[in-house]
């Protein structure tokens with residue numbers, strides 16, 4: 001099983017993190033995005049969108065970190081990470097959507113601007129970050145984990161860009177429940193880090 005990977009990508013990291021937590025062995029294939037490898041063969045043949053991560057597992061080829069998390073959890077992770085029941089799956093899935101929407105448009109966008117010089121709207125990214133983190137703070141003030149009262153792929157999906165948000169000026173001092181959740185994730189057996197996370 002191979003993951004086409006970029007070490008500074010939070011989307012790639014969420015897949016690496018989940019695999020480490022669940023004891024899933026991944027062969028990492030680094031992609032030199034600066035050299036445009038993501039827009040050439042073999043990656044463009046696997047993902048016409050020209051983005052990482054991409055997972056190959058025998059004849060299965062998947063793009064999008066949220067989809068990859070669901071696949072790995074369902075196929076190899078057991079129901080702790082991706083539950084069997086429809087209501088429980090929905091509870092996890094809503095957080096995968098948060099990762100792909102508010103976290104992507106908020107902390108991730110702010111980081112892309114400050115760290116990589118992306119031409120995005122910083123004011124909007126910070127506004128979305130504040131809205132999202134305020135809601136997540138309220139939720140984590142009542143719950144230790146995002147879904148089902150235990151670590152799931154929901155936590156793996158939402159965590160990376162919050163943890164490296166400081167690289168875009170999105171800090172957690174105002175969000176003690178999120179800070180405590182970050183520390184709980186770091187304490188999970190098998191946890192691995194990425195550049196930008198202490």
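Residue numbers (the UniProt record's numbering): 1 to 198.
All residues carry an ideal CB built from backbone N, CA and C; glycine is no exception.
Just to confirm my understanding: we take residue i, look at its own chain, exclude 5 residues before and 5 after, and list those with CB closer than 8 Å. What are they?
i, result
"residue 39", "50"
Cβ of residue i within 8 Å of Cβ of residue j?
i, j, result
"residue 148", "residue 83", "yes"
"residue 162", "residue 113", "no"
"residue 52", "residue 13", "no"
"residue 97", "residue 15", "no"
"residue 55", "residue 1", "yes"
"residue 134", "residue 170", "no"
"residue 67", "residue 158", "no"
"residue 137", "residue 175", "yes"
"residue 81", "residue 24", "no"
"residue 156", "residue 26", "no"
Leaving out five residues before and five after residue i in sequence, what residues of the same chain have Cβ atoms less than 7 Å from its Cβ?
i, result
"residue 141", "177"
"residue 88", "148"
"residue 120", "109, 112, 113"
"residue 197", "163, 164"
"residue 181", "140"
Around the C-beta of residue i, are 16 or more other C-beta atoms found within 10 angstroms, so that it is buried, or is it exposed?
i, result
"residue 150", "exposed"
"residue 191", "exposed"
"residue 110", "buried"
"residue 48", "exposed"
"residue 125", "buried"
"residue 107", "buried"
Is DSSP giving residue i helix, strand or coil here?
i, result
"residue 5", "strand"
"residue 31", "coil"
"residue 69", "helix"
"residue 56", "strand"
"residue 62", "strand"
"residue 16", "helix"
"residue 147", "strand"
"residue 171", "coil"
"residue 130", "helix"
"residue 193", "coil"
"residue 118", "coil"
"residue 187", "coil"
"residue 95", "helix"
"residue 135", "helix"
"residue 44", "helix"
"residue 11", "helix"
"residue 142", "coil"
Suppose the cutoff is 6 Å on Cβ atoms and the five residues either side in sequence are ignored; what does the same chain contact list for residue i look like?
i, result
"residue 33", "6"
"residue 71", "62"
"residue 28", "3, 5"
"residue 46", "54, 61"
Does any CB atom of chain D fall closer than 8 Å to the CB of residue i?
i, result
"residue 15", "Judged by its chain identifiers, the structure shown contains no chain D, having just a single protein chain."
Check: Just checking, does the segment 17-36 make contact with the segment 67-79 on the three C-beta pairs under 8 Å criterion?
Finding: yes
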